[in-house]
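Quick notes on the structure that follows.
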Amino acid sequence: MKKKTKEPKHFRDGKLFHKKIQTEWSTVVVDGKVEIEKCLLKSNGTKGRMDIFVSDISTLVAIGEIKNTDWNSLKESAVRRYVKSHILQIWSYIESQLKLGNDVSPGVIYSKRPKSQNRLKIIEDMFEKE
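For the sequence shown, the numbering used here assigns the number 16 to the initial residue and increments by one for each residue that follows.
Structure below.
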């Protein structure tokens with residue numbers, strides 16, 4: 016019999032944050048249909064899963080990605096890698112919707128802000144450039 020290993024606290028906390036945000040979105044969005052963990056086919060042919068997807072009767076959709084990234088524990092080079100990875104993930108979701116003729120309003124929700132203003136600027140600048 017395999018011994019069940021305990022999931023690290025960071026992952027447990029991330030899942031709780033994820034569920035909290037998804038529940039909030041499911042209860043507060045009035046105009047539109049909220050789908051949680053919506054599967055999609057990305058433009059490169061691989062499958063993806065959007066944390067929050069909101070659609071209405073028009074062609075406008077909203078995509079929300081939820082992250083429990085601890086910016087304060089990462090080296091600056093890792094911060095850049097994480098942000099680039101998040102940007103690429105979100106863009107793959109945007110492109111899949113544009114291909115369907117939808118207009119897209121994307122967003123990312125982080126559980127914590129970095130304490131360092133310089134680190135926050137790096138993150139914001141990277142998102143701004145994309």
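Heads up, the beta-carbon is just placed ideally off N, CA and C, and yes, glycines get one too.
With H, G and I counted as helix, E and B as strand and the rest as coil, what does DSSP make of residue i?
{"i": "E91", "result": "helix"}
{"i": "S120", "result": "strand"}
{"i": "S70", "result": "strand"}
{"i": "K99", "result": "helix"}
Count the other CB atoms within 10 Å of the CB of residue i; is the residue buried (16 or more) or exposed (fewer)?
{"i": "D66", "result": "buried"}
{"i": "H25", "result": "exposed"}
{"i": "G116", "result": "exposed"}
Locate the alpha helix (DSSP H) running through residue i, then write down its first and last residues.
{"i": "G29", "result": "24 to 43"}
{"i": "D140", "result": "132 to 144"}
In terms of alpha-carbon separation, which member of the options lies closest to residue i?
{"i": "K82", "options": "K53, K127, V49, P121", "result": "K127"}
{"i": "G29", "options": "L113, T84, D118, R64", "result": "T84"}
{"i": "G122", "options": "G116, Q132, I137, Q104", "result": "Q104"}
{"i": "F142", "options": "K24, A77, Y97, V44", "result": "Y97"}
{"i": "I137", "options": "Q112, E91, Y108", "result": "E91"}
{"i": "N59", "options": "W106, I72, H101", "result": "W106"}
From which residue to which residue does the beta strand (DSSP E) around residue i run?
{"i": "L55", "result": "48 to 56"}
{"i": "I78", "result": "75 to 82"}
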